[in-house]
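The structure under discussion appears below in the form of structure tokens.
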Amino acid sequence: MRVKMAMLLRLERCRHFSPLFSVQVDQIARSILQRSFNCSLSSALAVANGDEQRRKEGGKWLTLPPFAPQKDPSSVAKEIAGGTPAGDGEITTALKWVRHCVPHLPMSLVQKLFRLRQVRKDLVSINASSRVQFEGHQLKRVSAKEVMTSGEVILLPITVKNFTKKDKEQRDNHKEIKFIRSLILYKDSAIIVINKPHGLPTQGGFGIKNSIDVLAATSLKFDCPESPKLVHRLDRDCSGLLVLGRTQISSSILHSIFREKTSRVLKHSVKNASRVLQRKYWALVIGTPKHSSGLLSAPIGKIVLEDGKSERITVIKERPASSQHALTEYKVIKTSNGYTWLELCPLTGRKHQLRVHCAEVLRTPIVGDYKYGWHAHKKWEPIVIAKTAKLPKEKLPFGLDFESGSISEKQPRLHLHCRQMILPNIAEAVQHLEPLSTTNCDLAGLDVLDLVAPLPPYMLLSWDILSF
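Put into structure tokens, the structure is as follows:
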């Protein structure tokens, strides 16, 4: 541009020498100005087209929040249990951060996005006023295992914004939803606690159509963007308190608390181990223990039966390597007519721990436990009671029946119920884990939740029968 202006000045000086030459000067000047205008216009159009292209490119992506290091849920659980203070955090991969920011997306879809190289990292520069400089806009492909650093921004294809989770079977049955919600005993921003009925599986599997983890996604989500997640299990035939985490963070903390409970008991003596989590079951057993209270300490493990297909849990003493140490405290509540009500407190969390300890260690199998107390049930005789007029049974969803199954029937149901649970109120701990949280929380001094689940009707009937 400066060169063209200099040429115009020289031509203006030459205008005075000749009228003819003056006309030629005007023609040359107009030509130079026209070329200059066209060039400026082309540049302006190029800039505009570039801005438009950048705008279009920006519209193709869904921008996730800038990454902020999170505190490790397992270390938070240790601090809640009275251990070392929670650390600053653990290594977070791009996959974990995407799962945290868009929890409603199925894991399979997120993995597919990474596999197809559809996940990007924004390398845009940010000035002092935190406004994005689009001139420096660059995108980089990100792998699922790439470690995130503070301030990094992940972008996903804009199409995932319109994704709505579709359950394999959309449940529009309001009666089922109302029934599942009627089981709720406690709910806050972090957890939901229900009184699980006998006969309803906790977790889905082969041949299982209805289970708590599936039903929770459609009935217990409420206004939370994530579906509640299981943090522990109850047997299908066991009833009582079942805790679900409402978010990924609260679920991770609760899962760590349940795991920490077992590891602390095994590392320390039973008396010295902290009891940040306590569970108390009520069970009706056949027979009477020799002692009114005590500690059951017997390793249990899985064995394959003679048919080569069936498996069961049993006490294993000869092969310690293939067993897990299991500890259970018990206390007699009352004894009547050859039956005993027990309070069982599992100090470790092993599969079928209470059922095996009752049947094989105490030699008092639980009523209705045909797997571990089959021999006692071979000569089962129901207790005859005076017949009373029965009201018509209410038809419940999922084929459930709350009434039948007491000790007055030929085939009683499993009399094992998670009656009470004492655990820390982790709602404040969840806030402590939020990214960039500045709140100070005494995790070892959280408030305590003391939850109690009433006995199911068939166990109440057995209680009344034995109280005569």
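Taking the numbering used here, I'd label the letters of the sequence shown as residues 5 to 472.
Yeah, the Cβ is synthetic: ideal placement off N, Cα and C, and Gly gets one too.
Computed from a predicted model, the values in this text were never measured in an experiment.
By the neighbour-count criterion, in which a residue is buried when 16 or more other Cβ atoms sit within 10 angstroms of its Cβ, F210 is exposed.
Counting every other CB atom within 10 Å of its CB across the protein chains shown gives Q207 a total below 16, marking it as exposed.
Of all C-beta pairs linking the region 222-230 to the region 182-196, three or more are shorter than 8 Å, placing the two stretches in contact. For Y374, the CB contacts under 6 Å within the same chain, skipping 5 residues up- and downstream, are H381 in chain order. Put simply, of G342, Q424, K383 the residue whose alpha carbon is nearest the alpha carbon of S471 is G342. With the rule of 3 Cβ pairs closer than 8 Å, the region 148-160 does not count as touching the region 357-375.
Here the region 342-354 lies against the region 287-296, with 3 or more beta-carbon pairs under 8 Å apart.
Here D126 is buried: its Cβ has 16 or more other Cβ atoms, across all protein chains shown, within 10 Å. Of the residues G249, T368, Q357, the one whose Cα lies closest to the Cα of P232 is G249.
In terms of Cβ geometry, I304 and V319 form a close pair [threshold 7 Å]. With contact defined as three or more Cβ pairs closer than 8 Å, the region 453-465 and the region 422-438 are in contact.
Under DSSP, W345 forms a beta bridge with L288, K338.
Contact check for V434 against S255 fails: the beta carbons are separated by 7 Å or more. Within its own chain, the residues whose Cβ lies closer than 8 Å to the Cβ of P107, once the five positions on either side in sequence are excluded, are P229, E230, T251, Q252, listed in chain order.
Put simply, of D239, C242, L281, R240 the residue whose alpha carbon is nearest the alpha carbon of H259 is L281. In this structure, I389 places its C-beta atom within 7 Å of the C-beta atom of S412. Annotation for L420: the continuous beta strand (DSSP E) segment containing it runs 420-428. With a 10 Å radius around the Cβ and a threshold of 16 neighbouring Cβ atoms, F71 comes out buried.
With 16 or more other Cβ atoms from the protein chains shown falling within 10 Å of its own Cβ, I257 counts as buried.
In the three-state scheme derived from DSSP, where H, G and I count as helix and E and B as strand, E315 is classed as strand.
Assigned with DSSP and collapsed to three states, W378 falls in helix. Here V146 really is in contact with R124; their C-beta atoms are around 6 Å apart, less than 8 Å. For K64, the CB contacts under 6 Å within the same chain, skipping 5 residues up- and downstream, are I162 in chain order. Q142 counts as exposed, since fewer than 16 other C-beta atoms from the protein chains shown sit within 10 angstroms of its C-beta. If you draw a straight line from the Cα of H379 to the Cα of D454, it comes to about 37 Å. The beta-carbon distance between A330 and A302, rounded to whole angstroms, is 6 Å. This is short enough to meet the 8 Å contact definition. H361 is a Cβ neighbour of L300, given a cutoff of 7 Å. Taking each of T339, R263, K306, F167 in turn and checking the Cα distance to S296, the smallest one comes out for T339. With contacts defined as CB atoms closer than 7 Å, P293 and T368 qualify as a contacting pair.
Its Cα nearest to that of A98, the residue M152 stands out among K179, F167, M152. With 16 or more neighbouring CB atoms inside 10 Å of its own CB, V218 falls in the buried class.
Rounded to the nearest angstrom, the Cβ distance from I216 to L246 is 7 Å, consistent with a contact under 8 Å. A Cβ-Cβ separation of about 29 Å leaves L234 out of contact with K165 under the 8 Å criterion. Excluding sequence positions up to five before and after L238, its CB lies within less than 7 Å of the CB of K200, T206, G244, L246, C422, all in the same chain and listed in chain order. Look at V247 here: in three-state DSSP terms it is strand.
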